[in-house]
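Contents: one structure, followed by commentary.
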Amino acid sequence: MQAIRNRDTKPEWLIRKLVHAQGLRYRVAAKPLPGLRRTADMVFGPAKVAVFIDGCYWHGCPEHYVPPKTNPGYWSDKVARNMARDRDTDQRLTEAGWTVLRFWEHEPSEDCAARIAAEVERHRSAARKGTASR
Numbered sequence: 001m002q003a004i005r006n007r008d009t010k011p012e013w014l015i016r017k018l019v020h021a022q023g024l025r026y027r028v029a030a031k032p033l034p035g036l037r038r039t040a041d042m043v044f045g046p047a048k049v050a051v052f053i054d055g056c057y058w059h060g061c062p063e064h065y066v067p068p069k070t071n072p073g074y075w076s077d078k079v080a081r082n083m084a085r086d087r088d089t090d091q092r093l094t095e096a097g098w099t100v101l102r103f104w105e106h107e108p109s110e111d112c113a114a115r116i117a118a119e120v121e122r123h124r125s126a127a128r129k130g131t132a133s134r
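With the UniProt record's numbering applied, the sequence shown corresponds to residues 1 to 134, in that order.
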C-alpha cells in the first residue's frame with residue numbers, strides 16, 4: 001500500500017493545472033479546518049471551498065467500483081470505511097460553512113475545473129457584495 005499515491009495523482013494534476021490557468025490560486029493537500037485530521041486535494045481558503053478528487057476504486061464509484069477478488073472482506077470494508085469518512089468530512093465541512101466539491105477521477109478535467117472556477121467565483125462575488133453593503 002505504500003506505493004499507492006494519496007496526492008498528486010494524474011486526475012488531480014490535470015484539474016489543478018486547468019484551475020491555475022484560469023488565474024485561481026489554492027492550497028494543495030491542505031486541512032480546511034484546523035481540528036479536522038483530513039486534507040482536501042485543493043483548498044480555496046477565503047472562499048471556503050474544499051475540492052476532493054476521488055479515485056473510483058478507493059472511494060467506491062457507483063459506475064466503476066468492482067469488488068476485489070483477493071481478500072474481499074478486508075478491501076470491501078476498507079472502501080466502505082473510506083465512503084463513510086467522505087460523508088463525515090462533507091458533513092463537518094458543510095456545518096463549518098464550507099462548500100464541498102467532489103469529483104470522480106473519470107470525470108472530464110475540463111468540466112471539473114469549470115465547476116470549481118464557477119463555485120469559487122460565486123463565493124468571491126458574494127463576499128464582495130457582503131462587504132460592499134456594509
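Ideal placement from N, C-alpha and C gives every residue a C-beta, glycine not left out.
| task | Find out if the Cβ-Cβ distance for the pair Val28, Trp58 is shorter than 8 Å. | result | Counted from its first residue, the sequence shown places residue 28 at position 28. Counted from its first residue, the sequence shown places residue 58 at position 58. No, the Cβ-Cβ distance between Val28 and Trp58 is not below 8 Å.
| said: The alpha helix (DSSP H) that contains Arg16, what's its start and end? | reply: Your numbering for residue 16 matches position 16 in the sequence shown. Segment 10-21, the alpha helix (DSSP H) holding Arg16.
| field | Thr94, enclosing alpha helix (DSSP H) - first and last residue | value | Against the sequence shown, residue 94 aligns to sequence position 94. Segment 72-95, the alpha helix (DSSP H) holding Thr94.
| From Ala117 to Leu24, what distance separates their C-alpha atoms? | Stepping through the sequence shown from its first residue, residue 117 is reached at position 117. Stepping through the sequence shown from its first residue, residue 24 is reached at position 24. Cα to Cα, the separation comes out at about 7 Å.
| Asp86 versus Leu36: straight-line alpha-carbon distance, rounded | The residue you call residue 86 lines up with position 86 of the sequence shown. The residue you call residue 36 lines up with position 36 of the sequence shown. Their Cα atoms are separated by approximately 12 Å.
| task | Using the Cα positions of Tyr74 and Val66, report the straight-line distance between them to the nearest angstrom. | result | To locate residue 74, count along the sequence shown from 1; it is residue 74. To locate residue 66, count along the sequence shown from 1; it is residue 66. Distance between the alpha carbons of Tyr74 and Val66 is about 14 Å.
| field | Val120 to Ala47 span [Cα, whole Å] | value | Against the sequence shown, residue 120 aligns to sequence position 120. Against the sequence shown, residue 47 aligns to sequence position 47. Approximately 6 Å between the Cα atoms of the pair.
| query | Can the beta-carbon of Pro32 be found closer than 8 Å to that of Ala50? | reply | Position 32 of the sequence shown, counting from 1, holds the residue named residue 32. Position 50 of the sequence shown, counting from 1, holds the residue named residue 50. For Pro32 and Ala50, yes; Cβs fall inside 8 Å.
| request: Provide the residue(s) that pair with Thr99 in DSSP beta bridges, ordered along the chain. | output: One-based indexing of the sequence shown puts residue 99 at position 99. Val49.
| field | Val66 (DSSP reduced to helix, strand or coil) | value | Position 66 of the sequence shown, counting from 1, holds the residue named residue 66. Coil.
| message | Counting C-beta neighbours from all protein chains within 10 Å, is the total for Phe103 16 or more, i.e. buried, or is it exposed? | response | For the purposes of this step, residue 103 is identified with residue 103 of the sequence shown, where counting begins at 1. It is buried - the Cβ of Phe103 has at least 16 other Cβ atoms within 10 Å.
| If you draw a straight line from the C-alpha of Thr94 to the C-alpha of Val100, how long is it? | In the sequence shown, residue 94 corresponds to position 94, counting from 1. In the sequence shown, residue 100 corresponds to position 100, counting from 1. Distance between the alpha carbons of Thr94 and Val100 is about 7 Å.
| message | Using C-beta distances below 6 Å, list every residue in its chain close to Ala96, excluding the 5 sequence neighbours before and after it, in chain order. | response | For the purposes of this step, residue 96 is taken as residue 96 along the sequence shown, with counting starting at 1. Cβ neighbours of Ala96 beyond the five flanking positions: Leu33.
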